[in-house]
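Residue numbers (our numbering): 61 to 411.
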Amino acid sequence: MKSLLITGGAGFIGSNFIFYMLAKHRDIRIVNLDALTYAGNLSTLSPISNDPRYSFVKGNICDRTLLDALFNKFQFDTVVNFAAESHVDRSIVEPDIFLSTNIIGTQALLHIAKRHWNIEPDNKYCRVYRSGVKFLQVSTDEVYGTLGSSGMFVEEMPLLPNSPYSASKASADLIVRAYHETYGLPINITRCSNNYGAFQFPEKLIPLMIHNCMLDKKLPVYGDGMQIRDWLYVEDHCSAIDTVICKGIDGHIYNIGGNNEKPNIEVVKTIISALGKDNSLIEHVKDRPGHDRRYAIDNTKITTQLGWTPEWTFESGMAKTIDWYQNNQAWTDKVTSGEYLDYYEKMYLQN
Ligand code: NAD
Ligand code: TYD
């Protein structure tokens, strides 16, 4: 039986990944370690709370004592690290927490995994590990920085992150890579483009626009709205990570993208039209400082070497996502109370 530690599994992609893995693999045990920040919502996982293959632990990935106890108890062979502060706008306002969770937290996980998986834990020079173990770091295409009007991100590109968020993720990638180069730890890094789908916190572009549009609230588009993102339906991201766990070559980095480049304004107009509203809801607001102009993922490596392909078109994924938010307003209401509202007001008023 495979024993997985999933960190950040109460967030958007982590929760979708847990659902995906439990549905796909019978012989599996998943421990979800999540600090339940504003972005982590346990109610999302209520459908599987009685599944004997699944357990939840509230805790911080920086807590080495806790990590050690969990490795002892559950004998993990796979770690998938989703836990992160994930929102660029927040990283501009309050960068400190991004460095502690995204960098220090990742290194704490690496450190404990190395000790538990190494066949000679006290020998710093031993590069031999139990067979079948893997540390998968979930990263982002934002570590590459921004593109001009042509070209795509490939795995060999230098890292040129522009926001505190992407700089923290790039730093984590480098320390994960260093654990492979120095200690031989079996790792993979995946770098995906912007995800969308059910359970995404409504501070990110697509769920925020759906939420506001349903309530006839203004749709704040940063600058001219011609920034391009390369959209990936979350279920395709989950299947890609599963593929990398099974087939990824130790030490390799894999880009994950769905070949869906769209300017933000087009995405917003798609939502307006699907909900039968009017473009007058759009409000161009002050641009984000350091705003990356264009992301585009070249997914040739994962498609040709590991045989993964995205299954969702942007149209089908968006229809399903809009439908989900229309039918789950109670979820959105629940997660957007309290601290989030203060933050949102602050951000919006600043613009
Ligand atoms: P999210 O913000 O929805 O969820 C993050 C989760 O991590 C939350 O449940 C939160 O409670 C938890 N968490 C935060 N700090 C923690 C800590 N110190 N210890 C334990 N848990 C903690 O994020 P997401 O959108 O699901 O992103 C998941 C991962 O994918 C992140 O690493 C992110 O950088 C990466 N990523 C996301 C996207 C995207 O479009 N959402 C794109 C590329 C990469
Ligand atoms: P976001 O969902 O925050 O993801 P990221 O910054 O990681 O790409 O933003 C996606 C794009 O949408 C980005 O170009 C910023 C833009 N955007 C807006 O125009 N208005 C908004 O209210 C938000 C949240 C984002």
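Glycine residues also receive a C-beta, built at the ideal position from the N, C-alpha and C atoms. It should be emphasised that the depicted structure is a prediction, and the values quoted were computed from it without experimental measurement.
Residue i CB to nearest heavy atom of the ligand GDP below 8 Å
{"i": "I331", "result": "No copy of the ligand GDP occurs in the structure displayed; its ligands are the ligand NAD and the ligand TYD alone."}
Bridge partners - residue i, DSSP secondary structure assignment
{"i": "D290", "result": "E321"}
{"i": "I313", "result": "I249"}
{"i": "S115", "result": "V91"}
{"i": "Y282", "result": "V345"}
{"i": "S63", "result": "R89"}
{"i": "R353", "result": "Answer is none; R353 lacks a bridge partner."}
Inter-residue spacing [alpha-carbon to alpha-carbon] between residue i and residue j
{"i": "I88", "j": "N110", "result": "15 Å"}
{"i": "Y355", "j": "S253", "result": "8 Å"}
{"i": "K194", "j": "T373", "result": "30 Å"}
{"i": "N388", "j": "V91", "result": "26 Å"}
{"i": "A334", "j": "C273", "result": "10 Å"}
{"i": "S223", "j": "W368", "result": "30 Å"}
{"i": "N411", "j": "R289", "result": "Note on N411: pLDDT 48, under 50, position unreliable in the model; no value is reported."}
{"i": "E145", "j": "T166", "result": "12 Å"}
{"i": "A379", "j": "G257", "result": "10 Å"}
{"i": "S75", "j": "K277", "result": "28 Å"}
{"i": "K329", "j": "I342", "result": "9 Å"}
{"i": "K62", "j": "A83", "result": "14 Å"}
{"i": "Y114", "j": "T97", "result": "20 Å"}
{"i": "S103", "j": "N141", "result": "21 Å"}
{"i": "H312", "j": "Y239", "result": "13 Å"}
{"i": "I357", "j": "V117", "result": "34 Å"}
{"i": "G377", "j": "N339", "result": "22 Å"}
{"i": "G205", "j": "S226", "result": "8 Å"}
{"i": "E375", "j": "L275", "result": "22 Å"}
{"i": "L196", "j": "P267", "result": "27 Å"}
{"i": "M286", "j": "H176", "result": "48 Å"}
{"i": "G55", "j": "A143", "result": "Since the first residue of the chain shown is 61 and the last is 411, residue 55 is not available in this structure."}
{"i": "R353", "j": "T242", "result": "35 Å"}
{"i": "I301", "j": "L366", "result": "11 Å"}
{"i": "F136", "j": "D128", "result": "11 Å"}
{"i": "S298", "j": "E215", "result": "The amino acid at residue 298 is misidentified as Ser; the sequence shows Cys. The straight-line gap from Cα to Cα measures roughly 19 Å."}
{"i": "H85", "j": "F79", "result": "10 Å"}
{"i": "Y293", "j": "T200", "result": "14 Å"}
{"i": "T396", "j": "G69", "result": "19 Å"}
{"i": "D284", "j": "H344", "result": "7 Å"}
{"i": "L169", "j": "N320", "result": "33 Å"}
{"i": "R190", "j": "T138", "result": "11 Å"}
Three-state secondary structure assigned by DSSP to residue i
{"i": "N76", "result": "helix"}
{"i": "S340", "result": "helix"}
{"i": "T373", "result": "coil"}
{"i": "A99", "result": "coil"}
{"i": "K277", "result": "coil"}
{"i": "A70", "result": "coil"}
{"i": "L335", "result": "coil"}
{"i": "L366", "result": "helix"}
{"i": "L207", "result": "coil"}
{"i": "N359", "result": "coil"}
{"i": "N411", "result": "Summary for N411: the model assigns pLDDT 48, below 50, so the residue's position carries little reliability, and this model does not support an answer."}
{"i": "S106", "result": "helix"}
{"i": "T52", "result": "Nothing can be reported for residue 52, as the shown portion of the chain is limited to 61 through 411."}
{"i": "N387", "result": "helix"}
Buried versus exposed call for residue i [16 or more other C-beta atoms within 10 Å across all chains shown]
{"i": "P262", "result": "buried"}
{"i": "M81", "result": "buried"}
{"i": "G350", "result": "exposed"}
{"i": "K174", "result": "buried"}
{"i": "V188", "result": "exposed"}
{"i": "P181", "result": "exposed"}
{"i": "E326", "result": "exposed"}
{"i": "N178", "result": "buried"}
{"i": "P218", "result": "exposed"}
{"i": "K346", "result": "exposed"}
{"i": "L433", "result": "This structure does not reach residue 433, given that the chain is present from 61 up to 411, and the question cannot be answered."}
{"i": "K229", "result": "buried"}
{"i": "I172", "result": "buried"}
{"i": "Y185", "result": "exposed"}
{"i": "I309", "result": "exposed"}
{"i": "R232", "result": "The question names Arg, but residue 232 in the sequence shown is Ala. Buried, by the Cβ-count rule."}
{"i": "P107", "result": "exposed"}
Review point. At which residue ranges does the stretch 119-204 contain complete alpha helix (DSSP H) runs of 4 or more residues, listed in the order of the chain?
Key: 124-134, 148-153, 156-159 and 166-177
Check your understanding: Of all the beta strand (DSSP E) runs that stay within the bounds of the stretch 213-274, which reach a length of 3 or more residues?
Key -> 247-252
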